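Residue numbers (the numbering used here), protein chains in the order written: chain A, 2 to 156; chain B, 2 to 156.
One structure is given here, and the rest of the page talks about it.
Number of protein chains: 2
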Amino acid sequence: MIVPMAQSSGAELALLLLGGFHSMVDEVNVELAKRGHEGVRPVHEFALRAVDAGADTASELGRRLSVTKQAAAQTIAVLEGFGYVDREPDPGDARRKRVRVTPRGHELMTVGGALFDDVRSRWAARIGPEQLETLEAHLARLTERRSFTAEDLQD
Amino acid sequence: MIVPMAQSSGAELALLLLGGFHSMVDEVNVELAKRGHEGVRPVHEFALRAVDAGADTASELGRRLSVTKQAAAQTIAVLEGFGYVDREPDPGDARRKRVRVTPRGHELMTVGGALFDDVRSRWAARIGPEQLETLEAHLARLTERRSFTAEDLQD
DNA sequence: GCAGATGGACAAGTAACTTGTCGAAGCCTA
DNA sequence: TAGGCTTCGACAAGTTACTTGTCCATCTGC
């Protein structure tokens, strides 16, 4: 992607947004690999943050990430394989397995967050901090609660 | 995705960008399906635009989209299946098969472009046209020619 | 006229999903 | 307290959009 498009400024804008995301994520990934977190993908980091923020079962994580619980369970399995989370039976509900972020997982979140912040700082330096904040505020407004048609169709 | 993240404003920004992209693409896809272009994915539309802009072989398309020529060939096969492109042997080079956008393909580009522009207009109405233009200009600056490490490793 | 680059095809593997089905466990209500 | 829905996690199989690797036909430059 990241190809100038011409003919539709709307399509260009979409590409710009995607390009921005990739730009950040690629940089962070490269640095993360250098710091011993090889093989980790952006999805994993975001999923880890969601787990830490309270999505401590596969089903709940699926709901938060808007994917099926099966997909969430697979993500958790990957995170477990990397040693970023572990699971234990829920004492109060035998159906559940509670997912917990391990110390190594917290380290990934810290390092990853710092790297994302680094990129953001560099961006702030290039266009000015207030400009970046305005950009973020506008983006937040534009993406908030868009029509949620096909949601909660899970199971 | 589209989950508030906390703890890293950099990570939040990345999510905001991805969310913005999805927000646009989802809307466009829904409308496209209603207009008889069911099954088409954003990649297809962007690939089609690249073909139309001159990437008329699988290898060249791969280069433009930064994917392998095999991946590009698969995308072309899908587009051909939908009737958006056709292929003919290149008279001047027997190795090549020239990809051409069909009338139906041009229609998709037109409709798709208009739908993207619609979303963009709605966004402009919400935050103001100059604000949106500024946002685009900043994004363009921030994503332009980032280090291109792993490129042209193709074949 | 031949070495090396290039284009496309075929094959197999992978990642990140999906749908569908299942049994075990919890919750709700009459 | 038993019956019936709901929810959780697991297993299986299918899909999509890629990847690597290999191959051969063809073009290009010296």
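The beta carbon of each residue, even a glycine, is placed where N, CA and C say it ideally should be.
Computed from a predicted structure; not experimentally measured.
- Restricting attention to A59/A, A56/A and R50/A, the CA atom closest to the CA of G106/A is found in R50/A.
- By the neighbour-count criterion, in which 16 or more other beta carbons inside 10 Å mark a residue as buried, A15/A falls on the buried side.
- Under the 8 Å Cβ criterion, the region 84-103 of chain A does not count as touching the region 125-139 of chain A, having fewer than three qualifying pairs.
- For Q75/B, not one C-beta of chain A is nearer than 7 Å to its own C-beta.
- Here P90/A carries a strand assignment [DSSP, helix/strand/coil].
- For D118/B, a Cβ of chain A is located within less than 7 Å of the residue's own Cβ.
- Residue ranges of uninterrupted beta strand (DSSP E) with 3 or more members, entirely inside the region 56-107 of chain B and ordered along the chain, are 86-91 and 94-102.
- Leaving aside the five residues that flank E61/B on each side, none in its chain has a CB nearer than 7 Å to its CB.
- The three-state secondary structure of A126/B, taken from DSSP, is helix.
- Around the beta-carbon of G93/B, fewer than 16 other beta-carbon atoms lie within 10 Å, marking it exposed.
- When secondary structure is reduced to three states using DSSP, V112/B falls in the helix class.
- The beta carbon of T69/A sits no closer than 7 Å to any beta carbon of chain B.
- Scanning its chain for C-beta atoms nearer than 7 Å, with the 5 sequence neighbours on each side dropped, one finds around E28/A the residues V120, in chain order.
- Under the 7 Å criterion on CB atoms, R96/A is classed as non-interfacial with respect to chain B.
- If you check the CB distance, S24/B and T144/A come in under 7 Å.
- Listed by position along chain B, the residues whose Cβ is nearer than 9 Å to that of G55/A form an empty set, because the closest Cβ is around 11 Å away.
- In the DSSP assignment, A15/B falls within the alpha helix (DSSP H) that extends over S10 to K35.
- Taking C-alpha positions only, L17/B is separated from A73/A by approximately 21 Å.
- Taking a Cβ-Cβ threshold of 8 Å, the residues of chain B close to G114/A are Q8, S9, G11 and A12, in chain order.
- Along the region 134-147 of chain B, going in chain order, the ones with a CB nearer than 7 Å to a CB of chain A are L136, E137, H139, L140, A141, R142, L143, T144 and R147.
- Around the CB of G21/B, 16 or more other CB atoms lie within 10 Å, so the residue is classed as buried.
- In this structure, L19/B sits away from H45/B, with a CB-CB distance that is not shorter than 7 Å.
- Considering only S9/A, G129/A and M110/A, the residue with the shortest C-alpha distance to R42/A is M110/A.
- Note that the C-beta distance between V100/B and D57/B is below 7 Å.
- 7 Å or more divides the Cβ of G11/A from the Cβ of F47/B.
- Contact check for Q75/A against G114/B fails: the beta carbons are separated by 7 Å or more.
- Chain-order list of chain A residues neighbouring V100/B: empty, with the shortest C-beta distance near 16 Å, by a criterion of under 7 Å.
- In summary, the residues of the region 15-43 of chain A whose CB is separated from some CB of chain B by less than 9 Å are A15, L16, L17, L18, L19, G20, G21, F22, H23, S24, M25, V26, D27, E28, V29, V31 and P43, in the order they occur in the chain.
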